[in-house]
Amino acid sequence: MRTPFVELRGSRLLKAPLRIEGEYQRPADDVLVRQVRVPYVETSTIRGGGVTIARGAASKTYPLDRAPELAGLQSSFGALLSGDRALLENHFRVESAGSRERWTLRLVPREKAMATRVRELVLHGRGAELRCIETCPVKGDAQRTLLAGAAQAAAGVREAAALAALCAGTPAR
Amino acid sequence: MTPAGRLLLALAWLALLGVLGWAAGRSLDLGGDLRDFMPAPETAEQRLLIDELGEGPGARLLLLSIEGAPRETLAAQSRALASRLRAEPTIALVANGDADLSAVPERLRPYRYLLSPRASAGGLSREALAEALQQRVADLGSPAASLVEPLIERDPTLELLHLAERWQPAASPQSIDGVWFTRDGRAALLAVQTAAAGFDPTAQERAVGGIRAAFGSVRAGTASRLVLTGPGAFAVQVAGRTQREASLIGTLDSIAFALLLWVAYRSWKAPLLGALPLATAGLTGLAAVALAFDGVHGITVAFGFTLIGVAQDYPIHLFSHQRAGLSPWASARSLWPTLGTGVASTCIAYLTFLASGVDGLRQLAVFTIVGLGSAALATRFLLPALIDPTPRDVALWPRMRALWRRIARWPRMGFATGIALAGVAAAAVALAPGAFWENDLSRLTPVPADALAHDTRLRGELGAPDVRYLVTLTARDAETVLQRSERLMPVLERLRSDGAIAGYDLAARYVPSAATQRARQATLPDAATIARDLEAAVAASPFVPDAFDGFVDDVQRARTAAPLRPRDLAGTPLAGSIEALLIDEGDGATALVTLTGLADPRRVAAAVASTGARLVDLKQASESLVAEYRGRVLAALALAAVLLSLTVWAVLRSPRRVARVLAPMALTTLVVLALLRLAGVELNLFHLVALILAAGLGLDYALFFDHAGDEPDEQVRALHAILVCSAVTLLVFALLALSTIPVLRAIGTTVALGVASNFLLALLIVRRPVHGANA
């Protein structure tokens, strides 16, 4: 299964958040592929406790145990994309709110290693569609990944506030 | 003395021995390091071997593979295991393909620009910086952003990551998901270096136990399993198996000993009293060695307990000669010249070990001399107070009598027959095909075939260094040796591209010489240049202007710092690999180059010789060391034989008697050697020790047959005693001969054959014709 995404990545080292477009794919149960198309081409494969990032001819692998939020991303993303609530409950305390048309799921990490880095994940959706993942680190600003319909709606949108609104599902002004 | 009083005295003796054992145990520092049992090395190769045996990189390497689960699970478990093991104090180094930045402590990080050649080769130019910044933007947008972000402020070119990758072994296995895997992708691979020496079995046992425990919690119910090989793992496995088998055989032996003595004397007290002198010998010997030496080697104890087996015979002679109407004290006094001659001549023979120049043999001499001496004195001065003064005289047992009468009709072996037997045996010893001596140390304690197969497989997959060949480079100090290593590296690289070797590792790969580091410093940009180039590159990038302030500082620190020397790494995880590859002894330094996939040793030897390096064959060094060791043992034994003959001569004073008493043990030694050689056995040190024991037993048998004279009753008693002695010894060592462990089997077979031959030959040669009517 595959779904388009738009991400805004902020860093204190960057003048402005980086806007990235591409596609998430899930070719197998425990493999997650993140394909970046714009503004550069990059393929990341999360599998077997490591993430391999390939850019052009170069490729580098980082272990997930030194970035627990990545492990969380793999498990939560995997569980979400396949709709496996039980798997999700293994890794997070889950709280749901909102209506069928505009729901949110708050995921608070259960694992200590992850909890020291990630405060919570907030998922926004509409009906059967997961539209946005908001990752709130313990330190720093939230990172947003817009998916599916929200990613399509974000085409051409550049302002952070507008993208945040799209993520939360509030109508764009 | 009443029976109850005698029993009380026996128990008091036992209690005293218990106290002695406890005291000896307290000061006993039992070591398993094989090096303590070796003679002092003389050649450079032998010295290297002795270092290598314990401290070398090969000996401390454990090879791990995790298999039997899906690839993703294996990769995750490999990472989890590596991170647990990196926190273990018993583990010096863990490599699983996952580049580990924690190997470089914070204070040494500016040195990255001196340790890696990239920075001085244009890696910090304006163009290179602009390209690096582009890549870092993409890194910040990647899933690894949180890992990379804290690194790049000081290190925008990620030099540290390159360095960590450079330090991975040269011939690494394939990497799947960032960790090492076998070629078929079915097993994750790890290489672990222990902190302790390879041949320190207790320390290795701790390390191996730690690894198994860590894997147990990492595995957490999945189907995966751990395969662990390498010298340390083998040492643990072999020691465990030897100990289990030896203790099983020991238990069986004790039961057999007790049963035999009970049957032989029809008294339940006989086994108890019979064991006292042997226990005395063991404990006093152990206590003496513990007090006289700093540490006792495990082999000393094993050999020592083998050699004091003679002491088991002492009480048996006393029992068999005891009868109503004879005071035990008088009996002990009349047996003493014979017993004492045996003990004294054996002890004098062992004295030669003191002069062997090998610490392990000196310990063995002290152990056996003290042990046998105290057992003999105990038999002479303590045991008579304990034994039943009025047992049935064995000379009156009808069956013993019948047996003796039958034996008395046997022919006696004359001088000519003896010479002929010796000639045939000597010819067999000399002419039997096959190598005479076994020089390969590792075959003494062989590793099970399946474990060896695992080891070969993992070694091939991991590209583990060759355990037999090493290249060495020696110079007056560490800096010179590093400079020469750098000149050697292109040669090694050429050998690698030609396929003569698959890879190599040496200290200069981690820490370049100070000269190279100074040359790199000279090419690093100065503060103004780097600040200007960085500013231009940042201005053209999405980074904030002051994002990389720390980087300029680090480059300047690298430019002005004193070059990093190997000893500056002490206490860091890198120290393990470098200390193993660079031996700096103050009066000279040696660099070791480990080789992987060595195809043609002669070509490598010729190629490295041009830079003054040498290819060392550790197996040959080890065999020459074993041969030299054996030479010393044989020289000591030759001298021992002379001393023993002189002692016997001094007591017996008749050339004919001396010849008759010494003939059985001399002939037996030849006969056993001939049998072993004909069976295709290659002899080792354990056979030698076993032959010494057999000779000691043979001397005692001959002395007691000689002592019996031509009086029928005395002959029956001597026959009974020697029959019991040899039956007990034969049983004990025949059980040992059934062992699956070659060391135990070697001792068992040799002694069992020796006892049988000594008994028969003593009977045929020393027994005297009977005078008197009732024969």
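First to last, the sequence lines map onto chains A and B. All residue numbers in the first sequence are consecutive under the numbering used here, ending with 1087. All residue numbers in the second sequence are consecutive under the numbering used here, ending with 779. Positions of the beta carbon are idealized from the N, C-alpha and C atoms, including for glycine.
Span of the alpha helix (DSSP H) around residue i
i: tyrosine 354 of chain B; result: 332 to 358
i: tyrosine 318 of chain B; result: 317 to 325
i: glutamate 209 of chain B; result: 205 to 223
i: serine 69 of chain B; result: Counting along the chain, serine 69 of chain B falls outside any alpha helix (DSSP H), though it belongs to the beta strand (DSSP E) covering 65 to 71.
i: leucine 112 of chain B; result: Neither: leucine 112 of chain B is in no alpha helix (DSSP H) and is coded neither H nor E.
Contact check, residue i vs residue j, beta carbons under 8 Å
i: alanine 857 of chain B; j: phenylalanine 709 of chain B; result: For residue 857 of chain B there is no data in the structure shown, the boundaries of chain B being 5 and 779.
i: leucine 648 of chain B; j: serine 349 of chain B; result: yes
i: leucine 311 of chain B; j: valine 693 of chain B; result: yes
i: valine 98 of chain B; j: alanine 80 of chain B; result: no
i: leucine 1061 of chain A; j: threonine 917 of chain A; result: yes
i: alanine 610 of chain B; j: arginine 130 of chain B; result: no
i: leucine 365 of chain B; j: alanine 14 of chain B; result: no
i: leucine 387 of chain B; j: leucine 322 of chain B; result: yes
i: leucine 723 of chain B; j: isoleucine 352 of chain B; result: no
i: leucine 585 of chain B; j: alanine 595 of chain B; result: yes
i: glycine 963 of chain A; j: aspartate 143 of chain B; result: no
i: alanine 199 of chain B; j: alanine 96 of chain B; result: yes
i: leucine 78 of chain B; j: alanine 191 of chain B; result: yes
i: arginine 1020 of chain A; j: valine 1032 of chain A; result: no
i: leucine 734 of chain B; j: glycine 752 of chain B; result: no
i: proline 275 of chain B; j: phenylalanine 297 of chain B; result: no
i: cysteine 1046 of chain A; j: alanine 1074 of chain A; result: no
i: cysteine 729 of chain B; j: isoleucine 320 of chain B; result: yes
i: proline 605 of chain B; j: tyrosine 473 of chain B; result: yes
Per-residue burial, residue i [other beta carbons within 10 Å of its own, 16 or more giving buried]
i: isoleucine 156 of chain B; result: buried
i: alanine 1086 of chain A; result: Any answer about alanine 1086 of chain A is weak, because its pLDDT of 48 lies below 50 and its placement is not dependable; what the coordinates show is given next. Alanine 1086 of chain A is exposed by the Cβ-count criterion.
i: alanine 252 of chain B; result: Checking the displayed sequence, the identity of residue 252 of chain B turns out to be leucine instead of alanine. So leucine 252 of chain B ends up on the exposed side.
i: lysine 273 of chain B; result: buried
i: alanine 28 of chain B; result: buried
i: isoleucine 934 of chain A; result: buried
i: arginine 247 of chain B; result: Going by the sequence as given, residue 247 of chain B is glutamine instead of arginine. The residue in question, glutamine 247 of chain B, is exposed, as its Cβ has fewer than 16 Cβ neighbours within 10 Å.
i: phenylalanine 555 of chain B; result: buried
i: phenylalanine 763 of chain B; result: buried
i: cysteine 1081 of chain A; result: buried
i: serine 626 of chain B; result: buried
i: aspartate 558 of chain B; result: buried
i: glycine 9 of chain B; result: exposed
i: phenylalanine 419 of chain B; result: exposed
i: arginine 513 of chain B; result: buried
i: alanine 294 of chain B; result: buried
i: glutamate 135 of chain B; result: exposed
i: alanine 227 of chain B; result: exposed
i: proline 177 of chain B; result: buried
i: tryptophan 26 of chain B; result: exposed
Range covered by the beta strand (DSSP E) that runs through residue i
i: tyrosine 514 of chain B; result: Segment: none, tyrosine 514 of chain B is in no beta strand (DSSP E) and carries neither H nor E.
i: arginine 1016 of chain A; result: 1016 to 1023
i: valine 1032 of chain A; result: 1032 to 1040
i: valine 646 of chain B; result: That residue, valine 646 of chain B, is in no beta strand (DSSP E); its alpha helix (DSSP H) goes 622 to 656.
i: alanine 1011 of chain A; result: 1006 to 1013
i: leucine 573 of chain B; result: Leucine 573 of chain B -> no beta strand (DSSP E), and no H or E assigned at all.
Contact set between residue i and chain A, taken where Cβ atoms lie within less than 7 Å
i: aspartate 102 of chain B; result: Pro977
i: alanine 80 of chain B; result: Gly962, Gly963
i: alanine 551 of chain B; result: Leu927
Chain-ordered neighbours of residue i on chain B, where CB pairs are closer than 7 Å
i: proline 944 of chain A; result: In the sequence on display, residue 944 of chain A carries aspartate and not proline. What aspartate 944 of chain A touches in chain B: Glu76.
i: glutamate 956 of chain A; result: Ala142, Ser146
i: arginine 1072 of chain A; result: Those do not exist, as arginine 1072 of chain A stays about 14 Å from chain B at its closest Cβ, beyond 7 Å.
i: arginine 1020 of chain A; result: Under the 7 Å cutoff, chain B gives no residues; its nearest Cβ is about 21 Å from arginine 1020 of chain A.
Beta-carbon neighbours of residue i, restricted to chain A and to distances below 8 Å
i: arginine 83 of chain B; result: Gly963, Gly964, Pro977, Leu978, Asp979
i: proline 546 of chain B; result: Leu928, Lys929, Ala930, Leu932
i: glutamate 157 of chain B; result: Leu927
Distance cut-off 7 Å: residue i Cβ against heavy atoms of the ligand MG
i: valine 305 of chain B; result: For the ligand MG, the structure offers nothing, since it holds no ligand at all.
Per-residue contacts from residue i into chain B (C-beta, under 9 Å)
i: arginine 1014 of chain A; result: The contacting residues do not exist; arginine 1014 of chain A stays about 31 Å from chain B at best.
* Residues of the segment 920 to 947 of chain A whose Cβ lies closer than 7 Å to any Cβ of chain B, in chain order -> Arg923, Ser925, Leu927, Leu928, Lys929, Ala930, Leu932, Ile934, Asp944
* Quick one: which residues of the segment 181 to 207 of chain B get their C-beta closer than 8 Å to a C-beta of chain A? List them in chain order. => Listed by position, the residues of the segment 181 to 207 of chain B near chain A (Cβ gap below 8 Å) are Asp181, Gly182, Val183.
* To do: Below 7 Å between beta carbons is the criterion; list the residues of the segment 1047 to 1061 of chain A that meet it against any residue of chain B, in chain order.
  => none
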